[in-house]
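Contents: one structure, followed by commentary.
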Amino acid sequence: MKITSFLPWFGAASCALAMQVSANTIYLVRHAEKQDDSKDPALSECGQKRAQTLAAFFADIPLAAVYATPYKRTQQTAAAVANNKKLPVQQYDARKPELLQQQLQAYTQPVLVVGHSNTVPELVKLLSGIEVAPLTEQQYNLLYQVQLGQQGSVTIRQQPFGCGQTIK
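Under my numbering, think of the first position of the sequence shown as 19, with each following residue one higher.
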């Protein structure tokens, strides 16, 4: 596989409507901020705002499906987008990334996958063959766009966004 581009993509520099999305576009994001470090915490107030900001980002982007692990924080992050798109949040097992990869190959429109700090970079690598930097426990602000082309080319974009900020 060859990399056609790897661009940090900042909201002020680009418009979501101008992005090319295709049948082979997969968006990956870590769940938004959580309330605490308990086993299955809900989103914090900031996390809820970030989830709504994410939903606003996807308002004009067609999605075929929204996937999330079964944890409250991923389900709540995904639900903000899924509700706006009138789609169910489909659960996937983070311990079986190859199964998720097979499921994603069946779609003809873009898909959103909500995961965790340790699973999102792993999924990006599995889908694209490109290793990305690990996420820290404090990083909630990156949106990856993996676009698989006809020749196996891949575009990965990282979209930083802040809690309560508008994504452009």
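Cβ atoms here follow ideal geometry from the backbone N, Cα and C, with glycine treated the same way.
Keep in mind the model is a prediction, meaning the values are calculated, not measured.
With contacts defined as CB atoms closer than 7 angstroms, C181 and K67 qualify as a contacting pair.
By the Cβ test, the region 41–51 is in contact with the region 91–98, since at least three Cβ pairs between them sit closer than 8 angstroms. Here P178 has N159 as same chain residues with Cβ atoms under 6 angstroms from its own Cβ, once five neighbours each way along the sequence are excluded.
In the DSSP annotation of this structure, Q66 is not part of any beta strand (DSSP E); the continuous alpha helix (DSSP H) holding it starts and ends at E63 to F75. In the three-state DSSP reduction, Q156 falls in the coil class, being neither helix nor strand. In the structure shown, T43 adopts extended strand secondary structure according to DSSP, grouped into three states. Spanning the alpha carbons of S56 and G147 requires a straight line of approximately 33 angstroms. Taking the Cα positions, Y85 is about 21 angstroms away from S62. Here the alpha carbon of T137 sits roughly 14 angstroms from the alpha carbon of Q109. The beta-carbon separation of V150 and I44, rounded to 13 angstroms, does not stay under the 8 angstroms limit for a contact. A distance below 7 angstroms separates the beta carbons of P115 and L144.
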